[in-house]
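Numbering (the working numbering), first residue to last: 64 to 653.
Heads up, the beta-carbon is just placed ideally off N, CA and C, and yes, glycines get one too.
Step one of this worksheet: look at the structure below.
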Amino acid sequence: MATDSPTTRATRAGRVRATLDRLPGGTTLLAVLAITAVGLLARLVALGDRIAHQDEARVAYWILRYTETGAFEYRAIIHGPFLPIVNRWVFSALGPSDFSARLVVALVGASMPLAALLFRSRLRDSEVVALALLLAFNPLLLYYSRFMRSDVLVAAFMLVSLGGLVRAYDTRHRRWLAVAVVTAALALSAKENALLYPMCWLGAGVFVLDTSLVRNRGRGVPARETLAGYVHRATGAETYERSRDRLGLQGVGWTLTAVGLAVLFFAVVVFFYAPRGGGYGDPYSAGGLDLYASLGSLLAGDPSPFLAVVEESTVGAWEEFNRWVTDREHSYLEYLGHYLKTMGVGALAVSVLALVGVAADRYGESGPRALVTLGFFWGLFSVAGYPIVTDIKAPWAAVHAVVGLVFPAAVGLAVLYRWGVDAFRTDDRTGVALAAVVLLLVTAQVGYAVGTTVYFTDHTADDDQLVQYAQSSTPELKTLLEGEVADVSRENRGTDILYFGDEFYTGNESKADHPYRTGNWFDRLPMAWYIEQQQYETRAPGEPEVRVDSRIRASDVQRTAPERLPPVVVTLADRPGNDGGERLGHRAVS
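Structural data, given as structure tokens:
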């Protein structure tokens, strides 16, 4: 039987690698679209089943209050205003629920694999597909795409912003700068930590530039020529002189472009950060301002209200944010340890593949690529930096490291895939076995993390590193609140729900209507969110409202006639000195 010579096998392997490196453009697009569709399904299945996390519940409660009253202004305690503004439209259209509260984040998170197409000029097609896979099914990105919080929004918007900058540099089409600016403004409107992304990019960019200078110096290319090369490519000129001339000729055009981009950026920021409905009133800062009323005044010839709105949306928002971030004292090593544990559970595959990818790219034939190096150091800076700036130990902060590390990880995953296919085509059984084992281990780690976290509704932070400690461990509470408690409240007249005990007591219930440090009210979460949903659903004309009260002593209400007692009492069970509802004649429901 004839056998292939080593030369023949090497030639065949070269053809296989070339084919895998450059798949037909339509095939890559279809693969990314298919991955996106499956990722969307993974995010929407049972989206509303998990009981609300306390962080979800408080923000959703205040968004629903905004939906009911029309009054809103930026408060740093709920982070950026993107979700309040957008979810108000969602609640108005679909009604308030855990599903509708999480829907926007799920849709944006599901679209992240599409961003891989923005980097196709810097990655092989097999790497583009690998990048889409990692963005779709990384456990951290998947879990927090099913969570009403802004971290995935920031990561997605800034990923597209970076893609816009890359496309603008590669194509010299200014429209991509508009894409980058708008998505960066959306990211800043989603959460303030979007400001950290350019800092990470600049820090990583220093390493990219250093790598390029060192590599070219080894080839005898002076640093000046290396730097000039970047300018040449950005302007589309072939020489330094031509690039200088072109910059001179296009100076006016670029100035106008810069002004237009700045206006576009601030227009998006002002739209989201502007107060609505006069704001929250004293002691808050909006002072009766309203975005849409100010636009009406502007059209009528009075710009002063609009200028006041712009000032409140920019200077006022910055002052509010600065007041909120003044206290960040905690143990760095303790927070770093928590961050690394989260990465180990939710991004182990990405982290290992990133090491494989950056090594393969650095020592490959074409040398290190800027995008791969940028992503690697961007991820490292996020791992090192977020334990400094975050205010609590929260797994969602690791999302911002993952979105950088996916670039070298995609290279690593594609290398393993090409290695396996190459070995199969050349009858290298050992190579096929090794590649299969490694890919199986990667898939198993991701599958285990997803399978034991994302779709389970009864987990807690004690048994799952991806779950933040304020996640309720009693999913039955959601069924009780949406079922029996809702039915009883609708049929009752007078006070419907009484929070009993100093743990839940609030002297003025109206203080919880707006984002504020309302003390013991936070201990009512996530119950307050579900009760407010009942309030929203019974606001039809003629329907009674859900009335809530709180008391510390049973004697405060024992003198009330039995028929006027609230039908629902919320209190702590099995606590010394608190016989709560039973003293009021209620039966306990656990």
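| request: Count the other C-beta atoms from every protein chain shown that fall within 10 angstroms of the C-beta of R238, then say buried if there are 16 or more, exposed otherwise. | output: exposed
| field | Whole-angstrom distance between L358 and V408, CA atom to CA atom | value | 49 Å
| request: Determine, using beta carbons only, whether G448 and G467 come nearer to each other than 8 Å. | output: no
| query | Is it right to say S155 is buried, meaning 16 or more other beta carbons lie within 10 angstroms of its own, or is it exposed? | reply | exposed
| request: Could you have a look at R209 and say whether DSSP puts it in helix, strand or coil? | output: Coil.
| query | Quick one: Cα of T436 to Cα of V465, how far? | reply | 14 Å
| message | Rounded to the nearest angstrom, what separates F135 and P261 at their Cα positions? | response | 29 Å
| Range covered by the alpha helix (DSSP H) that runs through S367 | S367 to E374
| Proximal residues to V333 (C-beta, below 6 Å), its chain only, five neighbours per side dropped | For V333, where only same-chain residues beyond five positions count, the Cβ hits under 6 Å are V373 and S376.
| field | Buried or exposed (CB count within 10 angstroms, at least 16 for buried), E392 | value | exposed
| said: Tell me the rounded alpha-carbon separation between P147 and T493. | reply: Cα to Cα, the separation comes out at about 55 Å.
| query | Helix, strand or coil: how does DSSP classify D612 here? | reply | strand
| task | Give the single residue among A417, L203, A591 and E566 whose Cα lies nearest to the Cα of I28. | result | This structure cannot speak to residue 28, because the chain is shown only from 64 to 653.
| Alpha carbon to alpha carbon, what distance is there between F519 and F470? | 29 Å
| message | Under DSSP, the alpha helix (DSSP H) around V242 begins and ends at which residues? | response | R238 to A253
| message | Tell me the rounded alpha-carbon separation between V551 and F200. | response | 42 Å
| query | Bridge partners of Y562, per DSSP? | reply | Answer is S613 and V633.
| task | Using 10 angstroms around the beta-carbon of H577, count the other beta-carbons present and answer buried if the total reaches 16, otherwise exposed. | result | buried
| If L205 and A325 are in contact, beta carbons under 8 Å, what's the gap, nearest whole angstrom? | Not confirmed; about 36 Å, so no contact.
| Reduced DSSP category for R185 - H, G, I as helix; E, B as strand; rest coil | coil
| request: Please report the residue range of the alpha helix (DSSP H) in which S174 lies. | output: Annotation for S174: the continuous alpha helix (DSSP H) segment containing it runs D161 to S174.
| Given 8 Å as the limit, is there contact between the segment 207 to 220 and the segment 164 to 171, that is, 3 or more CB pairs closer than that? | Between the segment 207 to 220 and the segment 164 to 171, the count of Cβ pairs shorter than 8 Å is three or higher; the stretches touch.
| query | Cβ of V609 versus every heavy atom of the ligand MN: is any distance shorter than 7 Å? | reply | This structure lacks the ligand MN; in fact it carries no ligand of any kind.
| Buried or exposed (CB count within 10 angstroms, at least 16 for buried), G644 | Residue placement at G644 is flagged as unreliable, the pLDDT there being 48, under the threshold of 50; the coordinate-derived value follows with that caveat. So G644 counts as buried.
| field | Opposing strand residues paired with F135 [DSSP bridges] | value | R339
| field | Supposed close pair T453, Q528 - CB separation, criterion 8 Å | value | Not really, about 16 Å apart at Cβ, beyond 8 Å.
| request: Go ahead and label L403 buried or exposed: buried means 16 or more other beta carbons lie within 10 angstroms of its beta carbon, across all protein chains shown. | output: So L403 ends up on the exposed side.
| message | On the criterion of 16 or more Cβ atoms from any shown chain inside 10 Å, does A636 qualify as buried, or is it exposed? | response | exposed
| request: Determine the extent of the alpha helix (DSSP H) in which I594 is found, giving its start and end residues. | output: That run of the alpha helix (DSSP H) goes M590 to E600.
| Taking C-beta to C-beta, are L354 and A380 nearer than 8 Å? | no
| Is the CB-CB distance between A658 and S174 below 8 Å? | Any question about residue 658 goes unanswered here, given that the chain covers just 64 to 653.
| query | Would you report the Cα separation of E575 and R425, rounded to the nearest angstrom? | reply | Reading off the sequence, residue 575 comes out as Ala, not Glu. So the two alpha carbons sit approximately 55 Å from each other.
| field | For G400 and Y532, the rounded distance between their alpha carbons | value | Answer to the nearest angstrom: the Cα atoms are 16 Å apart.
| request: Would you mind reading off the limits of the alpha helix (DSSP H) that contains P147? | output: F145 to L157
| message | So, does the segment 471 to 480 touch the segment 410 to 429, judging by three or more C-beta pairs under 8 Å? | response | yes
| request: Return the chain-ordered ranges of every alpha helix (DSSP H) run that is complete within the segment 440 to 479 and spans a minimum of 4 residues. | output: none
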